[in-house]
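Residue numbering for the sequence shown follows our numbering, starting at 11 and increasing by one per position. Here a beta-carbon is modelled for each residue, glycine too, at the ideal position from N, C-alpha and C. Treat the numbers as computed from the prediction; the structure is a model and nothing was measured. Written below as structure tokens is the structure these notes are about.
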Amino acid sequence: MSKKNFETLEDVPILLPEPQCVLHKDENKWMTSQGVLPVPLDGCIAMLSKDSKHVHIDVPSTNWDSATTYLKVEVRKLLTEEEKMKIEEPLSTEEKNDKRKEGEKEEGEEEEEEEEEDEEEEKKWRNDKKEMVTKFEKLSDDDFEIWLLKQSKWKNDVTKKNIPSICAAIEAFVIYRSADRLAVQVIVDEKPTKIIMRNLTFEELFRQIYNNLEWKCLREMSDKDQKLELADSNDEIIKSDEMVRREFENNEPLFKVLWSPIRIGKIKIIKNALVIMIAINVENFRQLFEQNLGYEFVCNTNFKMNKEDVKEFLIELITSRELVKNKQKYDALIVIVSGHGDKEDVLITSDGKKTQINSIRTLFDCDRMSSFQNFPKIFFID
Numbered sequence: 011m012s013k014k015n016f017e018t019l020e021d022v023p024i025l026l027p028e029p030q031c032v033l034h035k036d037e038n039k040w041m042t043s044q045g046v047l048p049v050p051l052d053g054c055i056a057m058l059s060k061d062s063k064h065v066h067i068d069v070p071s072t073n074w075d076s077a078t079t080y081l082k083v084e085v086r087k088l089l090t091e092e093e094k095m096k097i098e099e100p101l102s103t104e105e106k107n108d109k110r111k112e113g114e115k116e117e118g119e120e121e122e123e124e125e126e127e128d129e130e131e132e133k134k135w136r137n138d139k140k141e142m143v144t145k146f147e148k149l150s151d152d153d154f155e156i157w158l159l160k161q162s163k164w165k166n167d168v169t170k171k172n173i174p175s176i177c178a179a180i181e182a183f184v185i186y187r188s189a190d191r192l193a194v195q196v197i198v199d200e201k202p203t204k205i206i207m208r209n210l211t212f213e214e215l216f217r218q219i220y221n222n223l224e225w226k227c228l229r230e231m232s233d234k235d236q237k238l239e240l241a242d243s244n245d246e247i248i249k250s251d252e253m254v255r256r257e258f259e260n261n262e263p264l265f266k267v268l269w270s271p272i273r274i275g276k277i278k279i280i281k282n283a284l285v286i287m288i289a290i291n292v293e294n295f296r297q298l299f300e301q302n303l304g305y306e307f308v309c310n311t312n313f314k315m316n317k318e319d320v321k322e323f324l325i326e327l328i329t330s331r332e333l334v335k336n337k338q339k340y341d342a343l344i345v346i347v348s349g350h351g352d353k354e355d356v357l358i359t360s361d362g363k364k365t366q367i368n369s370i371r372t373l374f375d376c377d378r379m380s381s382f383q384n385f386p387k388i389f390f391i392d
């Protein structure tokens, strides 16, 4: 069958068959289905499927009144001479070698171009890294975030949620680069540990020490209401960046972690306390309260006191200092009893008699001395 035997009826392909072959045309391509008809037939009609993959053939019998035969076969395209020329013949060994060498040459040139591009990218990356690391080291965390989001060349590419990961990466690089220069030993509960600082500031020192604390230390801080303080190698409390830098001037900088109680509630500063002492040796107490703190210090002059002497000393002191109305405007009362005693919470006087400690304490309770009701009263019994 030739191409001229191909006809259409209202754009529907109609093929006039010849033995062993069916042809049709689709998108300017001749297509064939071979071996579909066993013998030449007249009056055969074939239709191409919508997907152009099959041909539906209706073969009527010689007797038009009888039933017809239906066939469905796949189709394939017929190549033009030009398309056939495009099919390459197998290459010889020499041609294969030449082609391989040509490909290697082109690949080598491409690799050189890629290496040059990589070098330029690496150079640019090093410059960018240097700028970012410099800003990271010089600026505080808040200022670095502002610079990165609003002033840097990456401001349009970086968001606030990227900041933590960026800072962590830069910090890791800084630590790796300057591990020896900023390494410092810290004593925590008499146990030495090593930390790495990214800059010489009090904030950085405190933060790195806190991050390296063991869980038991953090738990004790909470349970015991303690706070962390830092001291240098001379046991001086660190309070500034200058003190941190000064410690690093030593060949082996050393810091110590101290635990201090947290003050809860109101704090009252005592400025005008009355200190009453009954004791044999009073010099150490006198130096502490009178000379160091500036409090009024009153003690017995006769170190051999019997039971009546103790009572008389206290009553006379209450009267002479007008403690009932607190005319001297004392803001605290401190009573120290230091002498011989026993397990019954008593003071044994020089005559061998016993004076109950509680009898001394009740002389200054709120019922007898309401003027001291809202003031601290401290009793030391030794």
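Roughly how many angstroms separate the alpha carbons of V347 and S232, rounded to a whole number?
36 Å
Rounding to the nearest angstrom, what Cα-Cα distance links E252 and Q218 in this structure?
17 Å
DSSP state of M287, grouped into three classes?
strand
Look at the alpha carbon of K63 and the alpha carbon of M57, and state the distance between them as a whole number of angstroms.
11 Å
Cα-Cα separation, T211 to K321
60 Å
K364 versus K317, N221, E114, M287, residue with shortest Cα-Cα distance
K317
Between L343, C376, F385, I391, which has its C-alpha nearest Q366's C-alpha?
I391
For the beta strand (DSSP E) containing K201, name the first residue and the last one.
201 to 206
Here's the rule: buried if 16 or more other CB atoms are within 10 angstroms of the residue's CB, otherwise exposed. What is T311?
exposed
So, for S250: in the same chain, excluding its five sequence neighbours on each side, which residues have a beta-carbon less than 7 Å away from its beta-carbon?
F212
Closest to A241 by C-alpha separation, out of S270, E224, K234, E230, would be which residue?
S270
Kindly indicate the opening and closing residues of the beta strand (DSSP E) around Q366.
364 to 366
State the Cα-Cα distance for the pair G113 and E105, rounded to the nearest angstrom.
12 Å
C-alpha distance - D245 paired with C227, whole-angstrom precision:
20 Å
Contained beta strand (DSSP E) runs [length at least 3] in the region 211 to 295, N- to C-terminal order
236 to 241, 264 to 271, 283 to 288
When E230, N222, F374, G304 are compared against I272, the one with the closest alpha-carbon:
E230
Going by other Cβ atoms of all chains shown within 10 Å of its Cβ, with 16 needed for buried, is K334 buried or exposed?
The sequence as given places Val at residue 334; Lys does not occur at that position. So V334 ends up on the exposed side.
CA nearest to the CA of M379, picked from Y340, K145, I173:
Y340
Take N221 as the anchor and find which of N209, I205, V143, D235 has the nearest alpha-carbon.
I205
If you reduce the DSSP assignment to three classes, tell me which class E332 lands in.
coil
Taking C-beta to C-beta, are R208 and E147 nearer than 8 Å?
yes
So G362 and I288 are in contact, right, with Cβ under 8 Å, and what is the actual spacing, rounded?
Contact doesn't hold; Cβ gap of about 17 Å is too wide.
Chain-order list of residues whose beta-carbon lies under 6 Å from that of N336 (same chain, five-residue window excluded):
S381
From the DSSP output, in three-state form, read off M57 for me.
strand
Would the beta-carbon of I344 fall within 8 Å of that of L373?
no
How long is the line joining the alpha carbons of I248 and I197, rounded to whole angstroms?
14 Å
Just the C-alpha distance for G304 and I279, rounded to the nearest angstrom, thanks.
13 Å
Can you tell me the Cα-Cα spacing of S117 and N107, whole angstroms?
Before going on, a small fix: residue 117 reads as Glu here, not Ser. Approximately 15 Å, taken between the alpha carbons.
Simplified DSSP assignment, three categories, for L149:
coil
Closest by C-alpha distance to K163, when choosing among R256, P174, K145:
K145
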